[in-house]
Amino acid sequence: MDRRSFLKHAALGAAAVGIARTATAAEMYFPVKADQSLFATINRAKDPAKRNPLEQKHAPVIKAPASVKAGEPFIVEVTVGEVVHPMGPTHWIQFVELNVGNEPAGKADFQPRGFLNPKVTFTVVIPKEAAPAGKVTLVAHQRCNLHGYWEGSADVTVI
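According to mature numbering (1 follows the signal peptide of the UniProt record, and there is no 0), the sequence shown holds residues -25 to -1, 1 to 134 in order.
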């Protein structure tokens, strides 16, 4: 075997080993396959009274007062699911964000660790002009690395 063919075969072998190691590492660190259909749209609980297990762990739950005074701060708590979502290196919540109607109010980013509980508390102030009809909708979004983008909402009366 001449030098040129040796180098060519050695390079091809090294590339094959690198590809195999990459595939093995991907299987080791990401053993759970993601359902790609969950990434095609915004996911919501179909029936809030009867949520399936996926919805129970992923649909954001908003806790806020039923009515608030315009211009005064109040607390909004957003929890990822009714059942605590697991956080680990292969399955985690990437972020939670809160909107007042279409306006962003806040966002919290998470790391893929097992030490966190995906629950966020926001302090919100709604000015009178933001609720001309006397009502606003709080909209929470969260993104799971395996189960996509989820949304939950709650109406608040502004007096």
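Virtual Cβ for every residue (Gly too), placed ideally from N, Cα, C. If you're wondering where the values come from, they're calculated on a predicted model, not measured in any experiment.
Straight-line Cα distance separating residue j from residue i
i, j, result
"residue 25", "residue 19", "12 angstroms"
"residue 106", "residue 133", "7 angstroms"
"residue 104", "residue 69", "33 angstroms"
"residue 97", "residue 111", "16 angstroms"
"residue 125", "residue 33", "7 angstroms"
"residue 108", "residue 43", "14 angstroms"
"residue -20", "residue -13", "10 angstroms"
"residue 59", "residue 118", "15 angstroms"
"residue 31", "residue 22", "11 angstroms"
"residue -23", "residue 17", "57 angstroms"
"residue -11", "residue -25", "20 angstroms"
"residue 57", "residue 49", "22 angstroms"
"residue -18", "residue 77", "58 angstroms"
"residue 27", "residue 10", "16 angstroms"
Same chain only: Cβ atoms within 6 angstroms of residue i, ignoring 5 sequence neighbours per side
i, result
"residue 87", "64 and 67"
"residue 72", "82 and 116"
"residue 129", "37, 39 and 113"
Buried or exposed by the 16-neighbour rule on C-beta atoms within 10 Å, applied to residue i
i, result
"residue 8", "exposed"
"residue 85", "buried"
"residue -15", "exposed"
"residue 35", "buried"
"residue 47", "exposed"
"residue 131", "buried"
Any chain C beta carbon closer than 7 angstroms to residue i
i, result
"residue 34", "This model lacks chain C altogether; it includes just one protein chain."
When the options are compared against residue i, the one with the closest alpha-carbon
i, options, result
"residue 101", "39, 45, -14 and 16", "45"
"residue 99", "79, 62, 109 and 15", "79"
"residue 139", "127, -22, -13 and 14", "Limits of the chain in this structure are -25 at one end and 134 at the other, which puts residue 139 out of reach."
"residue 120", "57, -12 and 12", "12"
"residue 62", "-13, 27 and 122", "122"
Neighbourhood of residue i by C-beta distance below 8 angstroms, restricted to the same chain and skipping five residues each side
i, result
"residue 41", "131 and 132"
Own chain partners of residue i with C-beta closer than 7 angstroms, once the 5 adjacent residues on each side are dropped
i, result
"residue 29", "122"
Would the region 46 to 57 count as touching the region 87 to 107 if we require 3 or more Cβ pairs under 8 angstroms? Judged by Cβ distances under 8 angstroms, the region 46 to 57 makes contact with the region 87 to 107, as three or more pairs qualify.
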